[in-house]
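The opening residue of the sequence shown carries number 2 in our numbering; numbering runs sequentially from there.
For each residue, glycine too, the CB sits at the ideal point set by N, CA and C.
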Amino acid sequence: MRPRTHLSGVLLGSLIVAVLPATAASTADDDNPSVFRFDGGGDDRAAAMAVDEAGNAYIGGSVDADGEVTFAVVKLSPSGTAQWTAVYDGSLDGVGGSALDVAVDAAGNLYAAGFINDTNFYPNRDYLVVAFGPDGVQRWAQRFNGPGDGFDRATEIAVDSAGAVYVSGTSYTPSPDFTFDWSTHKYSAAGDLLWERRHRGNGTQADRVADMMLAPDGNVVVTGVTSADGDDPSDIGTVVYDPDGNVVWERQWSDTDGSDDQPRDMDIDADGRITITGMIGMFPPSPITLRYDSSGTLLQTIPFGGSSVDVDDAGDVILAGFFPEEPNGRALAKYDVSGTRTWATPVGLGSDEAFHIMARADSTGAVTAAGTVRNVLTHDDDYLVIRF
């Protein structure tokens, strides 16, 4: 089960979070979640969320602080009360920016990764990684400007039991192809950079990270778009590093020669099995889910899902996304460890509506699906949360 999640929508002018009741089992109150609205006075955006064992939520993004939009994290109590707003203190210079992923450790320390800009007028963008204490006070910050002095953006962060911090994202490189690579970093608990590893595919197209997680054995797993041979479209790449930054194994998966394969989400179970879901092809795209064991052997390819994946405590996989045989083609489905589907539930929408959905399972086996519903005619967007 994932310790944090990216938020698929942003809200201009305010940050809004719906807080479901803290009880694990579904109750009548689930129909009336608490709603917290944060208004910093201008342009506030939510990009990611983590929840600690006590039920506190940490919302990463950007807030309008004294007329300047900046990298920030808001902490909410289990009831939705704001505890503090932590803002990057500017110690490494830069303006604007946003947290794009957040992680919290057992002691309540908060870690955020995202980007910062050189100036408002020169859009060079760097990684920004910030550690905050349980009180919201900044402990350390690291800024990374890649070899191309261009667009560098950290989108993934994780912290291990020793307090080491892993960050991954996309970094511009000028040579030889003027394109983008994966760039994965490890920082000590004190914020010192221990190593950086760059990864690129065999082709000339951009390589972009889609997700990163820590495996039960302490290795870090990164998946994303990786370029195929020559000018062909992309493949689904997966790289596993050990804690010292050595490559344990890597895989590059392609549906067919020339297909455009795009991973979107990943989860890892207690036995180290890695499940990745995404889309393949372009006209039209179709879903694909890959499952590897901890040594990199491909166990299953499931032609469903594509939007999100979550693995429950039993090792079963919850997929959300595209299921062509279901009404409207959208559904949630559960698969056991062998890859056999045990149930599927269609997500009914109006004929003019589209739904980007993600799903998460709790310790009781209950599944919560959330996403953005868009009327394709009026472009009116709403949040939708369904609990099964």
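By the neighbour-count criterion, in which 16 or more other beta carbons inside 10 Å mark a residue as buried, Thr171 falls on the buried side. Under the Cβ criterion (8 Å, minimum of three pairs), the region 281-289 does not count as touching the region 210-217. Residue environment: Thr365 is assigned as exposed (fewer than 16 neighbouring CB atoms within 10 Å of its CB, all protein chains considered). Within the DSSP secondary-structure output, Val210 pairs in a beta bridge with Gly225. C-alpha of Ala271 to C-alpha of Gly340: approximately 16 Å in a straight line. In the three-state reduction of the DSSP assignment, Asn57 falls in the coil class, being assigned neither a helical nor a strand state.
When beta bridges are read from the DSSP output, Ala367 appears opposite no residue. In chain order, Thr180, Arg201, Gly202, Asn203, Gly204, Thr205, Gln206, Ala207, Asp208, Ser235, Asp236 place their CB closer than 8 Å to the CB of Ser228, counting only its own chain and leaving out the 5 sequence neighbours on each side. The C-beta separation of Gly192 from Gln143 comes to about 6 Å, placing the pair in contact by the 8 Å criterion. Two segments are said to touch when three or more pairs of C-beta atoms, one from each, lie closer than 8 Å; by this definition the region 80-94 does not touch the region 146-153.
Judged by DSSP secondary structure, Tyr128 falls within the beta strand (DSSP E) whose first and last residues are 126-133. Per DSSP, reduced to three states, the secondary structure at Asn329 is helical. Here Val168 is near Glu157, since their CB atoms are less than 8 Å apart. Setting aside the 5 residues that flank it on each side, Asp230 is surrounded in the same chain by Asn203, Gly204, each with a C-beta closer than 7 Å to its C-beta; the list follows chain order. Comparing C-alpha distances from Ser260 to each of Asp266, Pro286, Asp245 shows the shortest one belongs to Pro286. Residue burial is scored here from C-beta neighbours: Arg199 has fewer than 16 other C-beta atoms within 10 angstroms and is therefore classed as exposed. For Gly238, the three-state secondary structure derived from DSSP is strand. For Tyr112, the enclosing beta strand (DSSP E) has its first and last residue at 111-118. The beta carbons of Leu299 and Val310 sit no closer together than 8 Å. Ranked by how close their Cα comes to the Cα of Ala73, the residues Ser63, Ser80, Asp67, Gly81 have Ser63 in first place. Contact annotation: Gly43 and Val75 have beta-carbon atoms that are not nearer than 8 Å.
Cβ contact annotation for Val338 (same chain, cutoff 6 Å, sequence separation greater than five): Gly316, in chain order.
Classified as exposed, Pro177 has fewer than 16 neighbouring CB atoms from the shown chains inside 10 Å of its CB. Trp183 is classed as buried because its beta carbon has at least 16 other beta carbons within 10 Å across all chains shown. Cβ neighbours of Asp294 within its own chain (closer than 6 Å, five residues either side excluded): Arg274, Leu300. At a cut-off of 3 residues, the continuous stretches assigned as beta strand (DSSP E) that sit fully inside the region 61-110 are 69-77, 83-88, 96-105.
Per DSSP, reduced to three states, the secondary structure at Ala216 is coil, with no helix or strand assignment. Judged by DSSP secondary structure, Phe323 falls within the beta strand (DSSP E) whose first and last residues are 318-323.
By the Cβ-count criterion, Ser255 is buried, with 16 or more other Cβ atoms from all chains shown falling within 10 Å of its own Cβ. Put simply, the backbone Cα of Asp363 is about 39 Å away from that of Gly68.
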